[in-house]
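Sequential numbering of the sequence shown, starting at 1375, is according to the working numbering. We put the beta carbon where it would ideally sit given N, CA and C, even for glycine. A short write-up of the structure that comes next.
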Amino acid sequence: MRVTHVALDDFRSYRHAVVEFAPGTTVLVGSNGQGKTNLVEAIAYLSAFSSHRVSAESALVRLPLSEDEAAPGGAVVRVKLVTTGEREHVIELEIVRGKANRAKLNRTQVRPRDVLGMVKTVVFSPEDLGIVRGDPSVRRTFIDDLLIQMNPMMAQVKNDYDKVARQRAALMKQAQSQLRRGKTPDLSTLQIWDDTFAVLSVRLSRARRALIAELREPASSAYAQVADSPRTLDIDYVSSLDQTLVRLSQPAVETEGVSTLLNTDETPGFSAENQQTEHRLANDDDEEEDCT
1375 MRVTHVALDD FRSYRHAVVE FAPGTTVLVG SNGQGKTNLV EAIAYLSAFS SHRVSAESAL
1435 VRLPLSEDEA APGGAVVRVK LVTTGEREHV IELEIVRGKA NRAKLNRTQV RPRDVLGMVK
1495 TVVFSPEDLG IVRGDPSVRR TFIDDLLIQM NPMMAQVKND YDKVARQRAA LMKQAQSQLR
1555 RGKTPDLSTL QIWDDTFAVL SVRLSRARRA LIAELREPAS SAYAQVADSP RTLDIDYVSS
1615 LDQTLVRLSQ PAVETEGVST LLNTDETPGF SAENQQTEHR LANDDDEEED CT
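Next up, the structure:
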């Protein structure tokens, strides 16, 4: 796959831009603030429909330059691809402010998920330090974006998971508010949300675990090639849910284990030994993650 052309409308700093890429390596050179990273971000956004810089899509839509200018309703990213067999495809994604994205493939209206995964990118940026140093959510986003590139069907699983998680959290928040006011909360739908949440959690957790297992050997080999050190690198998926299940398997601490699961607020940490350094990409099904 090779990107030959990129056209942007109202994306970030660009009102309108068209860029053609020749075969081979392309280097973007320019002063700070000219939009080099914005161009890279636009191409990478098509890979997983997420930005490596911001979480809110509204930030991708250009801001008006003056008070007299109306704010754009959205941004458009178009790319022309050359795939295996020298077949050309034109992919267009419209990022609509406050609404669902719209997509076209070869000028035909399609569902956004139909073009997901057609553009494959690897972004290497300063923000990647957050994978090691940042919050657990940074690692989850990194893993999920890669999952979606490898298997676009996971995008629907992730979207469903996020929706159910929000609905479930809203129900629990409402219940807590009612309890504080001395009222009896209505939790009649909680079991439904719990069951759905559990099914989606298992699917997402298994996919993440399988991905980390697949990355283990190439990650270790890559580290050995660039690191002049006797240390080795290992990555692993460590779910705090696994640890909770171990605690719950001990009857004496079962009640305490449930309480810990509901109230956990752990933060990740890293440890290094003389002969081995282990960076554990962990996840506890989007609550918190343990890294050892």
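Per DSSP, D1383 lies in no alpha helix (DSSP H); the unbroken beta strand (DSSP E) holding it starts and ends at R1376 to F1385.
Spanning the alpha carbons of V1464 and Q1552 requires a straight line of approximately 52 angstroms. Annotation for L1561: L1545 and A1549 place their beta carbon closer than 8 angstroms to its own, counting only its chain and skipping 5 residues before and after. The residues D1383, in chain order, have a CB closer than 6 angstroms to that of H1390 in the same chain once the five nearest residues on each side in sequence are set aside. Less than 8 angstroms separates the beta-carbon of D1519 from that of A1422.
Looking from the CA of P1438, the closest CA among T1457, E1468 and A1449 belongs to A1449. Listed as beta-bridge partners of E1501 by DSSP are no residues whatsoever. According to DSSP, residue pairing for I1469 in a beta bridge involves A1449. Under the DSSP definition of a beta bridge, H1463 partners with L1455. Here the alpha carbon of R1582 sits roughly 7 angstroms from the alpha carbon of I1517.
A direct Cα-Cα distance of roughly 26 angstroms separates M1524 from F1385. DSSP places E1591 in no beta strand (DSSP E) but in the uninterrupted alpha helix (DSSP H) bounded by L1564 to V1600. R1485: not part of any alpha helix (DSSP H); DSSP gives it neither H nor E. Excluding residues up to 5 positions away in sequence, A1477 and L1479 lie with their Cβ nearer than 8 angstroms to the Cβ of D1488 in the same chain. Contact between L1467 and P1526 does not hold, since the beta-carbon distance rounds to 14 angstroms and is not under 8 angstroms.
K1478 is bridged by DSSP to E1466 and Q1483. When rounded, the separation of the alpha-carbon atoms in V1612 and A1529 is 22 angstroms. For R1514, the enclosing alpha helix (DSSP H) covers residues P1510 to M1524. Assignment of L1607 by DSSP, reduced to helix, strand and coil, places it in the strand class. In this structure, V1453 lies near L1420, with their beta-carbon atoms less than 8 angstroms apart.
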